[in-house]
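K.L.:
In our numbering, the protein residues as written are 23 to 121.
#1: If you count every other CB in all the chains shown that lies within 10 Å of the CB of residue 97, and 16 or more means buried, which is it?
#2: If we ignore side chains and look at the alpha-carbon of each, how far apart do residue 77 and residue 50 end up?
#3: Quick one: complete alpha helix (DSSP H) runs, 4+ long, within the segment 44-113?
#4: For residue 122, does the three-state DSSP call read helix, strand or coil?
#5: Just to confirm my understanding: we take residue 121, look at its own chain, exclude 5 residues before and 5 after, and list those with CB closer than 7 Å. What are they?
#6: Could you give the distance in angstroms between the alpha-carbon of residue 109 and the alpha-carbon of residue 45?
#7: Using a Cβ-Cβ cut-off of 6 Å (strictly less than) and excluding sequence neighbours within five positions of residue 57, which residues of its own chain qualify?
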């Protein structure tokens, strides 16, 4: 696991997401989660909702029967703290108003 201390711009996060989408879909799901958080913090509800949906779509492709299968690999993405576990239920719980 790696921890990032510098807060990345939304543009940097989106660039990372696009790169990860082609190479590591789990990392892309983590980045989509971080983008949803950042947009929500900035009050960009529509963009946050879009990233929540993107995260949920990516998570659909992964098994979620065990803790190991849903454990995040990074502590944070671009300065956004990730949850310990990332799955549909966590995303819906944290973004219930936007799902």
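Think of the CB as a built atom: it goes at the ideal place given N, C-alpha and C, for glycine as much as any other residue.
P.N.:
Per the coordinate set shown:
#1: Residue 97 is classed as exposed because its beta carbon has fewer than 16 other beta carbons within 10 Å across all chains shown.
#2: Cα to Cα, residue 77 sits roughly 8 Å from residue 50.
#3: Assignment of alpha helix (DSSP H) within the segment 44-113, counting only whole runs of 4 or more residues, yields 47-63, 67-81, 89-92 in chain order.
#4: Residue coverage of the chain in this structure runs from 23 to 121, which leaves residue 122 outside it and unanswerable.
#5: Taken in chain order, the residues that qualify are 74, 114.
#6: Going by the C-alpha atoms only, they are around 20 Å apart.
#7: Around residue 57: 35, 73.
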